[in-house]
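**Student:** First the structure, then my questions, so here it is.
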Amino acid sequence: MAIITISRGSYSKGKEVAEKVASRLGYKCISREVLLDASEHFHIPEIRLVRAIHDAPSILERFSRNRQAFISYIQCALIRYAKEDNVVYHGLAGHLILKGIPHVLKVRVIADLADRVQAEMEREKISKTEARTLLLKDDEERRKWTQTLYGADPRDSSLYDLVVHIHKLTIEDAVDIICDTAIREPFKTTKQAQQKIEDYAMASEMKAALSDSFDNIGVKSEYGNILVYAKGNDHHIQRIRKKAKEIANKMEGVNDLEVHATQKLPPKSV
Amino acid sequence: MSIILISSDRYETGRAIAQKVAEATEYAFVDREILGEVARNSHIPEPKIRNSLETSSSPLSFSSKVENRALANVQAAVMSRLLDNNVVCHGLAAHLYVLGVSHVLKIRVLSNGDEWASQIASERKVGLEKARKIIKKQETAGRRWSLDIFRRDETDPSEYDMVISLSQIEPDEAVKTIAETVSYRKFQPMTYSIKCLKDKELSIRVRLALMEKYPDVNVTAEGSTVVVRTKALKREKRKKAENIRALASKIPGVDYVEVHVVSNIFRQAAESA
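Residue numbers (this note's numbering), protein chains in the order written: chain A, 1 to 270; chain B, 1001 to 1273.
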């Protein structure tokens, strides 16, 4: 009864590990589904969401509302899946999106560059140099992307509960280790953990809906009470308040809504 | 019948886990206790040896030579213990020089960052933010040390088979995972992996014997054959090779010594200028 996020580089066998873990535990295995869901829910072509979550943003793009909104949509879609529990997610940034949820087992699967190059050469029918260049470029894009959006380096082991190196350890070994860890006490879905993810889902839904019109917004939720934080003058805050009320009226389970002007967004807000 | 090498971002965390793993697997435990013996055999004071395992000085300084000798002695002592098999070794930089041996399981354990920061904050009477900076600084220093001495980044997860963070996972759970993983068949010693370990141990012993006189030598071993690579001026080549051969031949386990001396072009250019 857990949520497992598997972070991986291209051709590092993370996908195979994720699928086998999901099949062994009887969990749902998701990756692209999150993008499809976000695309359908927020009426954005999937390709635009893929670009937003894959390519490193340029300096101008870092502050573009579109990109921030797309990330909020993806975040909202992933949390909606995670709320259902018993999920293995092997797409981008799962460990960062679900940071702070206690029963999420965050795993990174890595493989040696030489093995990855070999796999890419075989699959894409390209030379060793081309394969190596492509992989390094892809790794660098992902690194820049996470650094820009979350201020973290995906290679930093402290972001994960487990890092498994597929070399001496096989895919099957990695599956055994992850499944054994996932059923242990800290990753069991408790009442408090479930409440936390439901609060998180509510906050992310509000954030995604507000992202259409506003940027630099932080949202928190506790037991159905939503707190929206935003930078700006009174007029701007009034506009946000009006829009947030409209959104809250359409959402289920909202008890109360507050909108606050702030200089700095709270660190634990969505 | 395996070897477990445990490294950590914090000495106390790694030691506690390694001790528990040794108890759970009934393996021998190797840690800094061996440094007393290393100090006696090498005539280098123990604090200097401890220091050489933590900081690196400039490669040109006098203390750098002592550090290199201290580290070579530590390596030799660790390798001789690893040959016994069924060993859990914590720290002593073993994860950075025991390479290419299939029955060695390498684990890095990361401390609970929040607990560690709180502990530093209360001990040093500083804020949590400052405590986190202190931890980051220590991590950077450790990384720099491993790169300076062994040209390997000890914070790189690909140096290990597995990295376990204790932020969510309880220490006892981590111990269970390590003990279970080492029982996998691939971590059982095989004739070839034992040979690799023996070759490594012999090459370190030979290097240690040569380094007093020839600190720049590179040594590899295969069976009882040892290959030494070094640099010298053209006129010194033969004498240096003979001296190395004579010294290395005396070491137990060495039957044949091959010495490759290449011209030291930089010294040659400096002398001819």
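Cβ coordinates follow ideal geometry from the N, Cα and C atoms, glycine included.
1) What does residue 1171 of chain B touch in chain A if you count any residue whose Cβ is under 9 Å from its own?
2) Does the CB of residue 1011 of chain B have a neighbour CB from chain A at under 8 Å?
3) Quick check: what's the CA-CA separation for residue 1201 of chain B versus residue 1070 of chain B?
4) Would you call the stretch 1092–1112 of chain B and the stretch 1155–1175 of chain B in contact, with 3 or more CB pairs under 8 Å?
5) Would residue 90 of chain A count as contacting chain B if we go by Cβ distances under 8 Å?
6) Can you give me the Cβ contacts of residue 155 of chain A inside the same chain, cut-off strictly under 8 Å, excluding the 5 residues immediately before and after it?
7) Please report the distance separating the alpha-carbon of residue 1103 of chain B from that of residue 1188 of chain B.
8) If you count every other CB in all the chains shown that lies within 10 Å of the CB of residue 165 of chain A, and 16 or more means buried, which is it?
9) Can you list, in chain order, the residues of its chain with a C-beta nearer than 8 Å to that of residue 171 of chain A? Leave out the 5 residues immediately preceding and following it.
10) Taking Cβ-Cβ distances shorter than 9 Å, what residues in chain A pair up with residue 1180 of chain B?
11) Between the C-alpha atoms of residue 1068 of chain B and residue 1052 of chain B, what's the straight-line distance to the nearest angstrom?
12) Going by C-alpha to C-alpha distance, which of B:1170, B:1101, B:1150 and B:1014 sits closest to residue 1003 of chain B?
13) Relative to the C-alpha of residue 1054 of chain B, which residue among B:1155, B:1076, B:1161 and B:1138 is closest?
14) At a cut-off of 7 Å, is residue 20 of chain A close to the ligand NAD when judged by its beta-carbon and the heavy atoms of the ligand?
15) Counting only runs that start and end within the stretch 1172–1219 of chain B, where is the beta strand (DSSP E) found for 3 or more residues in a row?
16) Does the Cβ-Cβ distance between residue 1257 of chain B and residue 1228 of chain B come in under 8 Å?
17) Check each candidate in B:1114, B:1249 and B:1149 and name the one with the smallest Cα separation from residue 1206 of chain B.
18) Once you ignore the five residues that flank residue 77 of chain A on each side, which residues in its own chain have a CB closer than 8 Å to its CB?
19) Give me the Cα-Cα distance between residue 1172 of chain B and residue 6 of chain A, rounded to the nearest whole angstrom.
20) Show which residues of chain B have a CB atom less than 8 Å away from the CB atom of residue 186 of chain A.
21) Within the chosen definition, does the stretch 21–28 of chain A reach the stretch 78–93 of chain A through at least 3 CB pairs nearer than 8 Å?
22) So, under 8 Å CB-CB, residue 1148 of chain B and residue 1056 of chain B are touching, yes? Tell me the CB distance rounded to an integer number of Å.
23) Determine the DSSP secondary structure at residue 225 of chain A, reduced to helix, strand or coil.
24) Mind pulling the chain A residues with CB within less than 9 Å of residue 1102 of chain B?
25) Show which residues of chain B have a CB atom less than 7 Å away from the CB atom of residue 165 of chain A.
26) Closest by CA to residue 240 of chain A, which one among A:72, A:161, A:266 and A:258?
27) By the 10 Å Cβ neighbour count, where 16 or more other Cβ atoms means buried, how is residue 133 of chain A classified, buried or exposed?
28) Looking at residue 186 of chain A: is its Cβ nearer than 8 Å to the Cβ of residue 229 of chain A?
29) Between which residues of its own chain and residue 1019 of chain B is the CB-CB distance below 7 Å, once the five residues before and five after are set aside?
30) Could I get the ranges of all uninterrupted alpha helix (DSSP H) runs contained in the stretch 59–139 of chain A, with 4 residues as the minimum, in chain order?
31) With distances taken from CA atoms, which of A:89, A:236 and A:93 is nearest residue 152 of chain A?
32) Let me make sure I understand the geometry here. Which of B:1151, B:1233 and B:1222 has the alpha-carbon closest to that of residue 1195 of chain B?
33) Which residues, taken in chain order from the stretch 1184–1196 of chain B, show a beta carbon closer than 8 Å to some beta carbon of chain A?
34) Short check: CB of residue 226 of chain A to CB of residue 270 of chain A, under 8 Å?
35) Give me the subset of the stretch 135–160 of chain A whose CB atoms are less than 8 Å from a CB atom of chain B, sorted by chain position.
36) Give a yes or no on whether the C-beta atoms belonging to residue 1091 of chain B and residue 1160 of chain B are separated by under 8 Å.
**Tutor:** In short:
1) Neighbours of residue 1171 of chain B on chain A: none; closest Cβ ~12 Å, over 9 Å.
2) no
3) 16 Å
4) The stretch 1092–1112 of chain B vs the stretch 1155–1175 of chain B: in contact.
5) no
6) Closer than 8 Å at the Cβ level, and outside the excluded window around residue 155 of chain A, lie 143.
7) 5 Å
8) buried
9) 13, 16, 17 and 20
10) 176, 177 and 180
11) 8 Å
12) B:1101
13) Of B:1155, B:1076, B:1161 and B:1138, the residue nearest in Cα terms is B:1138.
14) In the structure shown, the ligand NAD is absent, as is every other ligand, since no ligand is present at all.
15) none
16) Yes; because the gap between Cβ atoms is below 8 Å, this pair is in contact.
17) B:1249
18) 34, 35, 37, 38 and 41
19) 23 Å
20) 1168, 1169, 1170 and 1173
21) Because the criterion of three Cβ pairs below 8 Å is met, the stretch 21–28 of chain A and the stretch 78–93 of chain A touch.
22) 4 Å
23) strand
24) 168
25) Result: 1157, 1158, 1160, 1161 and 1162.
26) A:258
27) exposed
28) no
29) 1029
30) For secondary structure counted as the alpha helix (DSSP H) over 4 or more consecutive residues, the stretch 59–139 of chain A holds these complete runs in sequence order: 65–83, 94–97 and 113–124.
31) A:93
32) B:1222
33) 1184, 1186 and 1187
34) no
35) Residues of the stretch 135–160 of chain A that bring their beta carbon within less than 8 Å of a beta carbon in chain B comprise 155, 157, 158 and 160, in sequence order.
36) no
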